[in-house]
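Student: Submitted below is the structure of interest, expressed as structure tokens.
Protein chains in written order, with my numbering: chain H, 45 to 378; chain A, 890 to 1174.
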């Protein structure tokens, strides 16, 4: 079997395993933990497209989530539009916001720390706005009705939300797989590695970066609807929380930026760490202290994340194989 | 109403300026963005708070304790932490200082709980009568003290050998190394001075504000806004920027109301970055 076929088989096996898992997990608690892992991995993947593949770090990724959440929730509470349509609007709202933020900041040539900070400022701006205008419910927030049903994207059991989150996860992985194989994905990587060189090669870097942030925005928008329908409450500090922005980048960096499975691995590891920390000392802040240390250690010693540990070995074997090949050829010539 | 808002803004603006001075100094010399700036300010607010609570030391007197302590903290954390870990990449430093801010913020939550803390001084409610408004003593003392410390910082940078060495490293670090300046030491000293500014700012802010583990979040964007407004690395820019932002905030609050008034900071930040990223006094981004 070819390597590609083997990987596809592994991927399918993993997908099937996750699909049948709820049949074997009795505890609602673990179903919920897995749901959260998928949800975080999905958000991490949205960050990964712009941050990991295109190399543009954002500190305000939560803004798409919050805007999508408000879009579908306001449509539902004010106009009675069912969330299954609302989520489509949320996706478009996220993409539109991505276009606006991307156009404004990338056209002005912002990159690196400046881009990271301006996204933080956009998220803060939206938080203040959501807090001040009336149709978002202001500081009081929005309460959604509990009415399970597919058109409401609400489910009676945690398993329903499990499959909803799993579907989001599959979509995000499909997008990342597409990026790995497509011309567009290669263009994003070229921008990350050397933007001037990419531009010189004729890549429209501005357009590529805007597309990337629009995809991120669309994905974030859908996540917002998911969250609102699961927890049935939304207010500005939740919708535009800096902690979610941080979590998105954290799981991706920990797992491995610019890789298909980095966000999922990172989300899994961090949630497990979180549950273990909570098991021993249930004091607020502790797991985040651990996250902070993990972030610093990964950045300093494992810039390619946990996945990078394995990939490095792979590359080393590649290199040694190449050396061997070279020396063989050398012998042959001699 | 408006003159009162402007004067209140000026009072707070001087402290903002001090916070931003620390940030801009670090950027100007080390070319790094310290995302943990707000978290470190929060720590110095707590330091002043506990000195008052446990040892009954007036926050304005504890400037003499907290500022040197903050310097040592900053020196050590750069020399043996950030400097070693970052390996010189701009985005690494941003993420490492982000990690640092997460650690500091949640350690504060872990050890000090999430409750808001304030101090009440014997003269907290005494005020100057300006005719059209009352100006509380603490506000005036903080204002004057912030200006004095800014002047001291200026003197340190322009008149001492250490200041000369710092400016040399900022301009040309290779050249500075060649004439025998220990660049790593100067980096750490500069970081220490930047954090020392926060130590002083925290003591001045405590009597007219509050502290909780999230206070830093409020000020991190404020400090960045001031610094990009004034121009990254510009000391005079940080001073003016501090006053402008202080006034914007209080006048914005007056005109737009408590909630929407906060919009000024992030709006100015975005507009400056998009339309004039060099700020008022900066040379390059």
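C-beta: ideal position from N, C-alpha, C; glycine also.
When we look at the beta-carbon of residue 375(H) and count the other beta-carbons within 10 Å, is it buried (16 or more) or exposed?
Tutor: Only weak support exists for where residue 375(H) lies, its pLDDT of 44 falling under 50; the coordinates are left without a value.
Student: Considering only the alpha carbon of each residue, which of 187(H), 142(H), 233(H) lies closest to residue 280(H)?
Tutor: For residue 280(H), the nearest C-alpha among the options comes from 187(H).
Student: In three-state DSSP terms, what is residue 918(A)?
Tutor: Residue 918(A): helix per DSSP, three-state reduction.
Student: So is residue 1133(A) in contact with chain H if we call contact Cβ pairs under 9 Å?
Tutor: It does not; no Cβ of chain H falls within 9 Å.
Student: Could you check where the alpha helix (DSSP H) with residue 1019(A) kicks off and where it finishes?
Tutor: Residue 1019(A) -> no alpha helix (DSSP H), and no H or E assigned at all.
Student: Who are the Cβ neighbours of residue 1135(A) in its own chain at under 7 Å, not counting the five residues just before and after it?
Tutor: Here the set comprises 898, 899, 901, 902, 905.
Student: For residue 172(H), return the contacting residues in chain A, with the cut-off set at a CB-CB distance below 8 Å.
Tutor: By Cβ distance, chain A contributes 1148, 1149, 1151, 1152, 1155.
Student: Quick one: Cα of residue 1033(A) to Cα of residue 1168(A), how far?
Tutor: Between residue 1033(A) and residue 1168(A), the C-alpha separation is close to 26 Å.
Student: Which partner residues does residue 278(H) have in the DSSP bridge list?
Tutor: Partner(s): 186(H).
Student: For the alpha helix (DSSP H) containing residue 1132(A), name the first residue and the last one.
Tutor: From DSSP, the alpha helix (DSSP H) with residue 1132(A) extends over 1124–1149.
Student: Could you give the distance in angstroms between the alpha-carbon of residue 1071(A) and the alpha-carbon of residue 968(A)?
Tutor: Computed Cα separation, rounded: 12 Å.
Student: How long is the line joining the alpha carbons of residue 353(H) and residue 52(H), rounded to whole angstroms?
Tutor: Those two C-alpha atoms are separated by around 22 Å.
Student: Cutting at 8 Å between CB atoms, please list the residues of its own chain near residue 1106(A), excluding the five before and the five after it.
Tutor: So the list reads 927, 994, once near-sequence residues are dropped.
Student: Please classify residue 168(H) as buried or exposed, where buried requires at least 16 neighbouring CB atoms within 10 angstroms.
Tutor: Under this definition residue 168(H) is a buried residue.
Student: Name the chain A residues that come within less than 8 Å of residue 71(H), Cβ to Cβ?
Tutor: Residues of chain A passing the Cβ test: none, with the nearest at roughly 28 Å.
Student: Please list the residues of the region 196–211 of chain H that have a C-beta atom closer than 8 Å to any C-beta atom in chain A, keeping them in chain order.
Tutor: Of all residues in the region 196–211 of chain H, none has a Cβ within less than 8 Å of some Cβ in chain A.
Student: Helix, strand or coil: which one does DSSP assign to residue 989(A)?
Tutor: Helix, per DSSP.
Student: Just tell me which of 1104(A), 930(A), 1161(A) has its CA closest to the CA of residue 1085(A).
Tutor: Nearest of 1104(A), 930(A), 1161(A) to residue 1085(A), Cα basis: 930(A).
Student: Where residue 1140(A) and residue 1018(A) are concerned, what is the direct C-alpha to C-alpha distance, given to the nearest angstrom?
Tutor: Roughly 20 Å separates the two Cα atoms.
Student: What runs of the alpha helix (DSSP H), each 4 residues or longer, lie entirely inside the region 95–126 of chain H?
Tutor: Within the region 95–126 of chain H, the complete alpha helix (DSSP H) runs of at least 4 residues are 106–123.
Student: For residue 930(A), which beta-bridge partners are listed by DSSP?
Tutor: BP columns for residue 930(A) are empty, so no partner.
Student: Under the assumption that residue 269(H) contacts residue 197(H) (Cβ atoms under 8 Å), give the Cβ distance between them as a whole number of angstroms.
Tutor: That belief holds up - the Cβ atoms of residue 269(H) and residue 197(H) are roughly 7 Å apart, short of 8 Å.
Student: Under DSSP, the alpha helix (DSSP H) around residue 218(H) begins and ends at which residues?
Tutor: Per DSSP, residue 218(H) belongs to the alpha helix (DSSP H) from 202–225.
Student: Taking CB distances under 9 Å as the criterion, tell me whether residue 992(A) reaches chain H.
Tutor: Chain H, which has a Cβ nearer than 9 Å to the Cβ of residue 992(A), makes this yes.
Student: Can you tell me where the alpha helix (DSSP H) with residue 76(H) in it begins and where it stops?
Tutor: Residues 72–92.
Student: Going along chain A in order, which residues have a C-beta closer than 9 Å to the C-beta of residue 149(H)?
Tutor: Per Cβ cutoff of 9 Å: 1159, 1162, 1163.
Student: When DSSP labels each residue in this structure, what does residue 1120(A) get in the three-state scheme?
Tutor: Looking at residue 1120(A) - three-state DSSP - the assignment turns out to be coil, as it is neither helix nor strand.
Student: Using alpha carbons as the reference points, say which of 914(A), 922(A), 943(A), 957(A) lies closest to residue 1091(A).
Tutor: It is 957(A).
Student: Among 91(H), 116(H), 72(H), 74(H), which residue has its Cα nearest to the Cα of residue 308(H)?
Tutor: Nearest option by C-alpha distance: 91(H).
Student: State the start and end residues of the unbroken alpha helix (DSSP H) segment that holds residue 1093(A).
Tutor: 1072–1094 is the span of the alpha helix (DSSP H), which, as asked, contains residue 1093(A).
Student: Among 135(H), 123(H), 148(H), 171(H), which one has its Cα closest to the Cα of residue 283(H)?
Tutor: Comparing Cα-Cα distances from residue 283(H) to each of 135(H), 123(H), 148(H), 171(H), the minimum goes to 171(H).
Student: Here's a check: name, in chain order, each residue in its chain whose Cβ is nearer than 8 Å to the Cβ of residue 908(A), leaving out the five neighbours to either side.
Tutor: Excluding residues within five positions, the ones whose Cβ falls inside 8 Å are 926, 930, 1086, 1087, 1090, 1108, 1111, 1112, 1115, 1131.
Student: How should residue 890(A) be labelled, buried or exposed, when 16 other C-beta atoms within 10 angstroms of its C-beta is the threshold for buried?
Tutor: Its Cβ having fewer than 16 others within 10 Å, residue 890(A) is exposed.
Student: Is the shortest distance between the beta-carbon of residue 1166(A) and the beta-carbons of chain H less than 9 Å?
Tutor: Output row for residue 1166(A): interface = yes.
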